[in-house]
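K.L.:
Please see the structure below; I have some questions.
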Amino acid sequence: MLMKKLPEIVDGNPVKVALGLAKAIIQIKDAVKENMDAVERRIASTGAQLAILEKALDNPRTYDEEKNPWMKQFKKEDTTSPSSMILHEESVIRKVADHEDEKNRITEILERVNEARKLFQLGTDIAVFKMVEVIQNDLRQFLEDCLKVSYKADHKYYVAGSEESLRRTVCSPGTRDRIRNTIVKWANDTSPESQGIYWLFGPAGSGKSSIAYTVARRFELTSDIDDTITLGGNFFCSRQFDETRGASHIIRTIVYHLSLKCEAFAESLCHSGKFDTIHQGPRTQLKDLLVGPWGKSEPVPDQGTSSPRRYLIVIDALDEIDQQGGSDFLRALLDVINEDGLPGLKFFVTSRSDPDLVSRVESFQRKQLYRLQDVEKEEVHADIKMYLQVSLPHFVGRVEMDKLLSFASGLFISAATLVRYFMNRTPREQEKFIGTYLSNTAAQQTSLDATELLDKLYLQILSDLFVCFRGDAFANRLFILHTFLCTLNCTSTSTVAALLVSDHRDEIDTDMANGVLSLLYAVLYTDNNQHVLSYHKSFSDFLFDEHRSKEYWCSQAAHHRLLTESCFRVMNGGLKFNIACIPSSFIFDSDDQELPSRVEKSISPTLSYSSRNWSNHLSLMAPTTCNPDPVRAILEDFLQLRVLFWIEAMNLLNVRGLCDPSLKAASNWASKYQLSLARQLSEAASFALYFSGSPASSSTPHLYISSLATWPQSVEPFRAWRAHFPRIPAVFTNGDGRWIASGSGDGMVRVWDATTGQVQSVLEGHIEIVLSVAFSSDGTLIASGSYDESVRVWDMATGKVRSVLEGHTDWVRSVAFSSDGTRIASASDDRSVRLWDMSTGMVQSILKDHTGAVTSVAFSNDGTRLASGSKDKSVRVWDVSTGKVQSVLEGHTLSVCSVVFSSDGTRIVSGSDDKSVRVWDMSTGMTQSSLEDHTGGVNSVAFLSDGTRIASGSDNKSVRLWDVTTGKVQSVLEGHKSRVWSAAFSSDGTRIVSGSGDKSIRV
1 MLMKKLPEIV DGNPVKVALG LAKAIIQIKD AVKENMDAVE RRIASTGAQL AILEKALDNP
61 RTYDEEKNPW MKQFKKEDTT SPSSMILHEE SVIRKVADHE DEKNRITEIL ERVNEARKLF
121 QLGTDIAVFK MVEVIQNDLR QFLEDCLKVS YKADHKYYVA GSEESLRRTV CSPGTRDRIR
181 NTIVKWANDT SPESQGIYWL FGPAGSGKSS IAYTVARRFE LTSDIDDTIT LGGNFFCSRQ
241 FDETRGASHI IRTIVYHLSL KCEAFAESLC HSGKFDTIHQ GPRTQLKDLL VGPWGKSEPV
301 PDQGTSSPRR YLIVIDALDE IDQQGGSDFL RALLDVINED GLPGLKFFVT SRSDPDLVSR
361 VESFQRKQLY RLQDVEKEEV HADIKMYLQV SLPHFVGRVE MDKLLSFASG LFISAATLVR
421 YFMNRTPREQ EKFIGTYLSN TAAQQTSLDA TELLDKLYLQ ILSDLFVCFR GDAFANRLFI
481 LHTFLCTLNC TSTSTVAALL VSDHRDEIDT DMANGVLSLL YAVLYTDNNQ HVLSYHKSFS
541 DFLFDEHRSK EYWCSQAAHH RLLTESCFRV MNGGLKFNIA CIPSSFIFDS DDQELPSRVE
601 KSISPTLSYS SRNWSNHLSL MAPTTCNPDP VRAILEDFLQ LRVLFWIEAM NLLNVRGLCD
661 PSLKAASNWA SKYQLSLARQ LSEAASFALY FSGSPASSST PHLYISSLAT WPQSVEPFRA
721 WRAHFPRIPA VFTNGDGRWI ASGSGDGMVR VWDATTGQVQ SVLEGHIEIV LSVAFSSDGT
781 LIASGSYDES VRVWDMATGK VRSVLEGHTD WVRSVAFSSD GTRIASASDD RSVRLWDMST
841 GMVQSILKDH TGAVTSVAFS NDGTRLASGS KDKSVRVWDV STGKVQSVLE GHTLSVCSVV
901 FSSDGTRIVS GSDDKSVRVW DMSTGMTQSS LEDHTGGVNS VAFLSDGTRI ASGSDNKSVR
961 LWDVTTGKVQ SVLEGHKSRV WSAAFSSDGT RIVSGSGDKS IRV
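Now the structure itself:
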């Protein structure tokens, strides 16, 4: 039967072949079902497989010969095998029943089909594996982008051979065995009584970091077969880098590590979506990024067991976190574990002793959760002895070894510094040094503690460097040493020299800096990128203490002032317009293949360091007796224009996110001395945030031609900036320039082209009258409020609804964006004002104090205050951060219909049904002037950006323009045939736009 059908089956179309062969085999199965042997069963099995293949071949998305060679091979085999079976056309029933040779031929053919099927299955398995790997890599990249982790805090950072490396070392063989074994035993202990946290504390230099590094490697790189726990995450704190000395990076880095080890936790962390928590304190991060997701993740069994997998978290040197950040973090960690337990996780933490924290832990009722371990002096003494014997074997069994051991006085750092100090000395020179310098150590130990003995060694090292220098030669080398330790990011000797060279210090150069470094090999070293680092923080602690370091003392605050001035000197000489010679504004930075090399050529390491760190040095510098402070003049000059070039450079360096906090820090400093300067710095910070958070930052030239052109403020320093670039395009946003948005009674929001007067787009979604519309400051979003009690946020580019904000229980009469676009305020007849978070679409706060419907809301330019007008005849000013009323402005005799701030935030103007416009002084809360000329209620008011003019729209069908100084009407704009509901200025003050009940918009 099969042989007769084979000629009909053979076809150039593989789909037909598979289908025909499957049908034929099924017929054979039915014909010989009474006498089926192994061959028939194999035929039936192969038929089922081919039926599955037929379905796959029918789907063009599945069948792609180019991408799936294994399927191509299977197809080829299924086509050729039936052809080979056509050689004999005798009765298939007789051949299957009587002829073993034909059975063998069929068996051979089916075997080839089966082998092709195996290859097909293998190819499919590999494809699935690759797909899963791609998904996992995407998840890993997503978490990396969201969490902004620290790679330098990972214990593998140096092991991986990074360009910037940290000298982390394991414990020397035979040292710290007892305490390491205790830690390993604790980590592997699965009993309920085993503590969840092991806190190892001791003095600086006692070897805690080496223990932590050894433990981390033990449980990740060289884990034992009997281990019940694996390294889940780690964070090695260090003062060497910004990201390793801030507590804010610890949890985000640890949860990233843990997500790479535990897929269930990674999925739970993604679903939580609370990544904004990275900008909050350690306790909030612990709760939202670790405790919550960990509690919701399903336990994953360990290999070969039914027990859930367990993870060890290692956190080293918390005392190296800035200020009290380390203690605050440890306190938060202890509290969270005391409250939540975190089953399946164990924490090994090292730091200096903190008596307050010890007392706090002792007060916890659940003491079984914690293990506090001080470094035992006797054990340390024995381990240091072994370390010295291994490092200096020629002194074993001699009195010099006893003197070295006595000098170390229980501090590994002392022993290690001595060993490095001896590196460039012969054994004879070493012996002489011990004899002359350490001869009285035993006697001194009765009066000097370990730190004082280490200080003596540091003083000797510095004496070796400076002994030959006096006057300027001494001072210049001391400046270099101090700069090595005071720069906020690790720098090279060439950068340090470039920061210090000036008219007064013209002798300083890279050769001098290299000379200083070469003589300090016992305490400083360079990484693979030639950045200078210190072996241990005890050396910087020593130099920053005047009583300990004596004539070598570094006054940090004074040196930060020097470095602040140096940074501005470097920026003044290096920053310029279009510093990277970008040829066109019509391409994204990412598409300019030559841009990275031009940036590297144009922005030197010294200019890069200065641009990134000037504000940090400014915040840390000492006050001066000079009046005025010379740095004030430096900042004023910087704001004139160069700050724009600085923002440009920061964007090219991919650190534009630092611009806003840097300028805010400068504003905070200036607020102590000159409020006008502080205000301008704050305005510049807002502009930097406006640019860095907008699509314009993807193409650096658009800093000028887009962001500067569309920035709505016309106060200083923006007037000076725009005056310097008179050819930037005049593009207006915010509903009063190039585009006009309007809401109407048909429930539609319309966007109009102010130039042509044509409708650009119609936004549909509201089911009732639209009472209010507002543009975001960058013009990308529109908000609208409606009778349907909702606020809708629209995407200007697509005309689609971005989000629907629901919660009001009555008409929404007014909406407003904050200047940074992160919040929307809405006012409703339900007597409340709601603040909405634009990133989540959720209510941030509900402001309730009005006794009547709220008709209007407006943000101050800095986003810290909100004004609202109500039918209760009052204007209320709210503190946005607290939601509390700051002041109540009373004077109107009927409903307040409209409120707005002046651009400098010093005044509020309000319009009322009592036919008046009032200007309020924010400093006193009193009426500054009452503008009365309208013959109907005032529905809308607007301030000109420079604060000199007010526009008002009224029920009397007119718009009036007022002079704020005189309180007189300058002009009356008539033409509408019905009441004017809305009036606004264009951003350059040359036009007024008004909307009326006569269904028209006039410009």
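Using the UniProt record's numbering, read the sequence shown as starting at 1 and increasing by one per residue. Glycine included, C-beta positions come from ideal geometry on N, C-alpha and C. For clarity, every value in this text was computed on a predicted model and none was experimentally measured.
Whole angstroms are fine: how far does the CA of LYS957 sit from the CA of ARG979?
P.N.:
Distance between the alpha carbons of ARG979 and LYS957 is about 4 Å.
K.L.:
What whole-angstrom Cβ distance do ARG252 and LEU289 have, given they're in contact under 8 Å?
P.N.:
With a Cβ gap of about 7 Å, ARG252 and LEU289 count as contacting.
K.L.:
Kindly indicate the opening and closing residues of the alpha helix (DSSP H) around PHE484.
P.N.:
Looking at the DSSP string, the run of the alpha helix (DSSP H) that includes PHE484 is 471-486.
K.L.:
Please classify THR417 as buried or exposed, where buried requires at least 16 other C-beta atoms within 10 Å of its C-beta.
P.N.:
Buried, since its Cβ has 16 or more Cβ neighbours within 10 Å.
K.L.:
Using only alpha-carbon positions, find the residue among PHE568, LEU607, ASP506 and THR451 that is nearest to LEU543.
P.N.:
When only C-alpha atoms are compared, the closest one is THR451.
K.L.:
Let's test the definition: count the other Cβ atoms within 10 Å of the Cβ of PRO504 and tell me whether it reaches 16, buried, or not, exposed.
P.N.:
The question names Pro, but residue 504 is His in the sequence shown. Exposed: under 16 other Cβ atoms inside 10 Å.
K.L.:
Among LEU457, VAL215 and GLN324, which one has its Cα closest to the Cα of ASN234?
P.N.:
Ranking LEU457, VAL215 and GLN324 by Cα distance to ASN234 puts VAL215 first.
K.L.:
Between the segment 525-532 and the segment 424-438, do three or more beta carbon pairs fall short of 8 Å?
P.N.:
No, the segment 525-532 is not in contact with the segment 424-438.
K.L.:
Pick helix, strand or coil for SER898, following the three-state DSSP scheme.
P.N.:
Note: SER898 maps to strand in three-state DSSP.
K.L.:
With TRP811 and LEU771 assumed to form a contact (beta carbons below 8 Å), what rounded beta-carbon distance in angstroms separates them?
P.N.:
TRP811 to LEU771, Cβ: 7 Å. Contact.
K.L.:
Is it true that the CB of ASN654 sits closer than 8 Å to the CB of LEU703?
P.N.:
Contact: no.
K.L.:
If you draw a straight line from the alpha carbon of ASN734 to that of ASP913, how long is it in whole angstroms?
P.N.:
Note that ASN734 scores a pLDDT of 43, beneath 50, so its modelled location is shaky and nothing firm can be said.
K.L.:
In three-state DSSP terms, what is ASP795?
P.N.:
If DSSP states are grouped into helix, strand and coil, ASP795 belongs with the strands.
K.L.:
Mind checking which residues open and close the beta strand (DSSP E) that includes THR350?
P.N.:
Element bounds for THR350: 345-351.
K.L.:
Quick one: is HIS271 buried, meaning 16 or more other Cβ sit within 10 Å of its Cβ, or exposed?
P.N.:
Exposed: under 16 other Cβ atoms inside 10 Å.
K.L.:
Buried or exposed: where does ASP830 fall if 16 or more other Cβ atoms within 10 Å of its Cβ makes it buried?
P.N.:
Looking at its Cβ environment, which holds 16 or more other Cβ atoms inside 10 Å, ASP830 is buried.
K.L.:
Are the segment 184-201 and the segment 338-352 touching by the rule of at least three beta carbon pairs closer than 8 Å?
P.N.:
Yes: the two stretches touch, three or more of their Cβ pairs being nearer than 8 Å.
K.L.:
Which residues does DSSP list as the beta-bridge partners of GLY953?
P.N.:
According to DSSP, which records beta bridges pairwise, GLY953 is partnered with SER940 and VAL959.
K.L.:
Could you tell me the distance, in whole angstroms, from the CA atom of ALA563 to the CA atom of GLY196?
P.N.:
The sequence shown places Leu at residue 563, rather than the Ala named in the question. Taking the straight line from one Cα to the other gives about 45 Å.
K.L.:
Check for me: the beta strand (DSSP E) holding VAL877 runs from which residue to which?
P.N.:
Start and end: 874-879.
K.L.:
Classify CYS486 as buried or exposed, calling it buried when 16 or more other Cβ atoms lie within 10 Å of its own Cβ.
P.N.:
With 16 or more other Cβ atoms within 10 Å, it is buried.
K.L.:
Below 8 Å on the Cβ atoms is my contact criterion, and I expect GLY995 with SER986 to pass it. Report the Cβ-Cβ distance as a whole number of Å.
P.N.:
Between SER986 and GLY995 the Cβ distance is about 14 Å, and since that is not below 8 Å, they are no contact.
K.L.:
Between the alpha carbons of LEU333 and VAL358, how many angstroms are there, rounded?
P.N.:
One C-alpha to the other measures close to 13 Å.
K.L.:
Who are MET842's beta bridge partners in DSSP?
P.N.:
DSSP lists ASP837 as partners of MET842.
K.L.:
Kindly indicate which residue of ARG598, ALA649, LEU644 and ILE992 has the alpha-carbon position closest to the one of LEU607.
P.N.:
Checked all of ARG598, ALA649, LEU644 and ILE992; the closest Cα to LEU607 is ALA649.
K.L.:
Compute the Euclidean distance between the alpha carbons of ALA665 and GLY905, then round it to the nearest angstrom.
P.N.:
C-alpha separation (whole angstroms): 21 Å.
K.L.:
Does DSSP put GLN389 in a helix, a strand or coil?
P.N.:
It is helical.
K.L.:
Are VAL880 and THR864 touching if we call contact CB-CB under 8 Å?
P.N.:
Yes, the Cβ-Cβ distance between VAL880 and THR864 is below 8 Å.
K.L.:
From ALA709 to ALA580, what does the alpha carbon distance come to, in whole angstroms?
P.N.:
If I take the Cα positions, the gap works out to 21 Å.
K.L.:
Between TYR552 and the rest of its own chain, which residues show a CB-CB distance below 7 Å, the 5 nearest in sequence each way excluded?
P.N.:
Same-chain partners within the cutoff: LEU462, LEU478 and LEU543.
K.L.:
Report the CB separation of VAL896 from THR855 in whole angstroms; it is logged as a contact under 8 Å.
P.N.:
The pair is a contact, with the Cβ atoms about 6 Å apart (cut-off 8 Å).
K.L.:
On a Cα-Cα basis, can you pick out the residue from THR851, THR840, ASP820 and SER839 that is closest to VAL833?
P.N.:
If we check each option's Cα against that of VAL833, THR851 comes out closest.
K.L.:
Who are the Cβ neighbours of SER671 in its own chain at under 8 Å, not counting the five residues just before and after it?
P.N.:
Same-chain partners within the cutoff: ALA678.
K.L.:
Which word fits PRO729, buried or exposed, when buried means at least 16 other C-beta atoms lie within 10 angstroms of its C-beta?
P.N.:
Any answer about PRO729 is weak, because its pLDDT of 40 lies below 50 and its placement is not dependable; what the coordinates show is given next. Result: exposed.
K.L.:
On the premise that ASP778 lies in contact with GLY821, defined as a C-beta separation below 8 Å, what is that separation, rounded to the nearest angstrom?
P.N.:
With 8 Å as the limit, GLY821 and ASP778 qualify as a contact, their Cβ atoms being about 6 Å apart.
K.L.:
I think GLU320 touches CYS262, with their Cβ atoms under 8 Å apart; what is that distance to the nearest whole Å?
P.N.:
Between CYS262 and GLU320 the Cβ distance is about 28 Å, and since that is not below 8 Å, they are no contact.
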